[in-house]
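Residue 114 is where the sequence shown starts when you use our numbering, and the numbers rise one by one after that.
All C-beta atoms in this analysis are idealised placements derived from N, C-alpha and C, irrespective of residue type, glycine included.
The structure displayed is predicted, hence computed values, not measured ones.
Remarks on the structure that follows.
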Amino acid sequence: MSKKTNIVVAGGGAFGTALASVLASDDQANISLLVRGETQATDIQKKRVNAARLPGIMLPPLLEITADYDVLKTADIVLSVVPSKAQQEFAILTQPYLKKGASFIICSKGFDPKNGGLVSESVSKVLKSQRLAILSGPGFAADIAKGLPTAMTLAADEIKFAEDLSQSISRKNFRLYASSDPIGVQTGGALKNVLAIAAGIVVGANLGDSARASVIARGLVELSRYIVFMGGNPETSSGLAALGDLVLTASSEQSRNYRFGIAIGQGAKPSDLVGEGKPLVEGANAALAAADIAQSNNIALPLTKSVADIINGKLEVRDAISQLLERPLRSENEH
């Protein structure tokens, strides 16, 4: 009998809990959910539900919940489900526990807030003995945890490594498609959150579904353009991690970024919706990072810039709409 793979999902939020739950839905591997504190671990272990982050979802009996970082010592695969801004810090924290050659999968959708670069670049500076991969794509935590059909992308520099990991993590209703474009997958996952905010603003401002469709379509052009600039494959923009995720998050109130945009479109101040004690909105930070880099490199990202200016308080929603409507009419394929 072959030895079971040891998989640790690090992060006790909704998405981390959902991933751990679906992976532990059968006995294919040994699955542990690593949470922040003993109190949370004991509560979830006893009640078999993460009431604070994923209420109403009973966790599989095969799932182990722990706050002990020693569980990482035997992990073959670690899924790091922490915010983008915390990925490098988490890598530093876990590095002493990880065994050489273990796979470390980044499961956040944002840019490095320090320099606007890829999260994998900052993590790779810390984890020199581990193999990195990226998990991204259209998947809401509640849908995954309920066992609803979900398809996402798993990307790594080497396609064979990505394919092997995809096989290890895929389950009956949770399918992963391998990609050899971690740059494009990360960029698409981060920027689609910005565009989801833009779509939410349009809906919140009662501009109609036609306007939202235009935001999605023109936003996809920006997303593809930025993927190319970052060094990714333009074809990735039409895949699960970009177009697929954009369509999902720009059309469902399950998306935190979309809800954030709706609130702004309805008149809420962005400064009142982000910050200490407020829900994390990855797209807000990604907008600021991408807009700054795009401006420095003369890359046309009008939607992204508008979202960044609104978040910064430099632009009112009505003025942003006017500016976008006043842009010169060009061929649809012209950049």
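Can you find the residues in the same chain that come closer than 6 Å, C-beta to C-beta, to residue i, ignoring five residues on each side of it along the sequence?
i	result
Ser368	Ala309, Thr362
Tyr290	Thr266
Gly129	Val122, Val194
Lys213	Ser242
Tyr182	Tyr210
For residue i, is the classification buried or exposed, using 16 other Cβ atoms within 10 angstroms of its Cβ as the cut-off for buried?
i	result
Gly380	exposed
Thr187	exposed
Asn410	exposed
Arg149	exposed
Ala137	buried
Gln280	exposed
Glu151	exposed
Glu271	exposed
In three-state terms, what does DSSP make of residue i?
i	result
Met114	With a pLDDT of 48 at Met114, under the threshold of 50, the predicted position of this residue should be treated as unreliable, and no value is reported.
Ser350	helix
Phe253	coil
Tyr210	coil
Glu177	strand
Ser281	helix
Ala264	strand
Leu185	helix
Ala164	coil
Ile170	coil
Ala123	strand
Phe292	The residue you asked about is not Phe; residue 292 is Ser in the sequence shown. Residue state, collapsed to three classes: strand.
Which residue marks the beginning of the beta strand (DSSP E) containing residue i, and which one marks its end?
i	result
Leu132	Leu132 -> not in any beta strand (DSSP E); alpha helix (DSSP H) instead, spanning 127–136.
Ser145	142–147
Leu192	190–193
Less than 8 Å between the CB atoms is what I'm expecting for residue i and residue j, so what's the real figure, rounded?
i	j	result
Leu245	Ala403	22 Å between Cβ atoms; not a contact.
Ile218	Ile190	7 Å
Val232	Ser216	The Cβ separation is near 16 Å, so there is no contact.
Ala127	Ala254	4 Å
Val307	Gly396	5 Å
Could you please give the first and the last residue of the uninterrupted alpha helix (DSSP H) stretch that includes residue i?
i	result
Phe373	369–378
Glu103	In the structure displayed, the chain extends from 114 to 448; residue 103 sits before or after that span and is not available.
Glu151	151–160
Arg338	322–343
Thr300	295–317
Leu361	358–362
Ala421	415–424
Val232	232–237
For residue i, which residues from the same chain have a beta carbon less than 7 Å from its beta carbon, with the 5 sequence-adjacent residues on both sides left out?
i	result
Val430	Ile314, Ala318, Ile377, Gly378, Ile423
Leu437	Pro415, Ser419
Ala421	Ala400, Leu401, Ala404
Pro347	Ser337, Ile340, Val341
Leu428	Ser419, Asp422
Gly125	Leu146, Val148, Arg149, Gln153, Asn163, Arg166
Thr179	Ser145, Leu147, Ala154
Using a Cβ-Cβ cutoff of less than 8 Å, which residues in the same chain neighbour residue i once the five nearest sequence positions on both sides are dropped?
i	result
Ala324	Val315
Pro196	Ser221, Gly223, Leu393, Glu395
Please confirm whether residue i has its beta-carbon closer than 8 Å to some beta-carbon of chain B.
i	result
Lys427	Here there is only one protein chain, and chain B is not present.
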